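Asks: Going letter by letter, the sequence shown gives residues 2 to 202 in my numbering. Note that beta-carbon positions come from the ideal geometry of N, C-alpha and C, so glycine has one too. None of the values given here were measured: they were computed from a predicted structure.
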Amino acid sequence: MSYSLVIFDLGGVVVDVESDRLMYQLAALLGRSFEEVQEVVYHQELLLPFELGRITPQAYYDGLQSKLKLPWNYEQFVRAWNGIFNENREVAVLLQRLHSRHTLMVLSNTNLLHLAHIKTMIPCCTFFHDWVASCDVGLRKPDPEIYRLALQRAGARPAATVYVDDRPELVEAGRSVGLTAIRFENGRRLEEDLRALGFNV
Numbered sequence: 002m003s004y005s006l007v008i009f010d011l012g013g014v015v016v017d018v019e020s021d022r023l024m025y026q027l028a029a030l031l032g033r034s035f036e037e038v039q040e041v042v043y044h045q046e047l048l049l050p051f052e053l054g055r056i057t058p059q060a061y062y063d064g065l066q067s068k069l070k071l072p073w074n075y076e077q078f079v080r081a082w083n084g085i086f087n088e089n090r091e092v093a094v095l096l097q098r099l100h101s102r103h104t105l106m107v108l109s110n111t112n113l114l115h116l117a118h119i120k121t122m123i124p125c126c127t128f129f130h131d132w133v134a135s136c137d138v139g140l141r142k143p144d145p146e147i148y149r150l151a152l153q154r155a156g157a158r159p160a161a162t163v164y165v166d167d168r169p170e171l172v173e174a175g176r177s178v179g180l181t182a183i184r185f186e187n188g189r190r191l192e193e194d195l196r197a198l199g200f201n202v
């Protein structure tokens, strides 16, 4: 099988995410428990609309502010919110090898702040030809429609597409629409999995 399109998840694959660092930072700052802070930051009535592009970054910040009484102003919040990402160097090397021979796409559940930061601050992201982000399209994985939208955007058939994600339930969602899906564990294993599919990496 010849694959023309490779779709990558962002967090936990292309970028390493230290979300706990933000939670501990806030907990120490507010004198509250890690669990209390995490519950508010990830509350579905706040985070879900943010990741679907239904509320602005300012509105998300205002929601946190009302629930946690943040001592940060908006700009301080944005710096801390975005300061949790590092490029996965092993994956970056693979992207560099792949991008001239295959169409590379991002498919991510994310918000406008994280998306803008990662696009501009993570060097290997220049290798992607297109981005399908939940906050831009109003759909989230594991909804099959977001996978179909990615295929439509790329003009690719499911059978000619490989999808890489670190979360098992999202890997299965990709398989359900006909993608060859790889569960990401680390860069070395991903390289082996791609070679097994016939990729020259």
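(1) Any idea if LEU135 is buried or exposed, counting beta-carbon neighbours within 10 angstroms, 16 or more meaning buried?
(2) For the alpha helix (DSSP H) containing GLU186, name the first residue and the last one.
(3) Can you tell me which of GLY12, ASN74, GLN97, GLU19 puts its alpha carbon nearest to the alpha carbon of ASN201?
(4) What is the rounded straight-line gap between the Cα of THR57 and the Cα of ALA93?
(5) Let's see if you can read the secondary structure: which residues bound the beta strand (DSSP E) around VAL92?
(6) Is ALA157 helix, strand or coil when you go by DSSP?
(7) Does DSSP put ILE223 in a helix, a strand or coil?
(8) How would you label GLU52, buried or exposed, when you count the other beta carbons within 10 angstroms and need 16 or more for buried?
Replies: Short version:
(1) Correcting the residue identity first, residue 135 is Ser in this sequence and not Leu. Under this definition SER135 is a buried residue.
(2) Looking at the DSSP string, GLU186 is not in any alpha helix (DSSP H), and its letter there is neither H nor E.
(3) GLN97
(4) 30 angstroms
(5) Counted as a single uninterrupted DSSP element, the stretch harbouring VAL92 is not any beta strand (DSSP E) but the alpha helix (DSSP H) occupying residues 90-99.
(6) Secondary structure at ALA157: coil, using DSSP grouped into helix, strand and coil.
(7) Residue 223 lies beyond the range of the chain shown here (2 to 202); nothing can be said about it.
(8) buried
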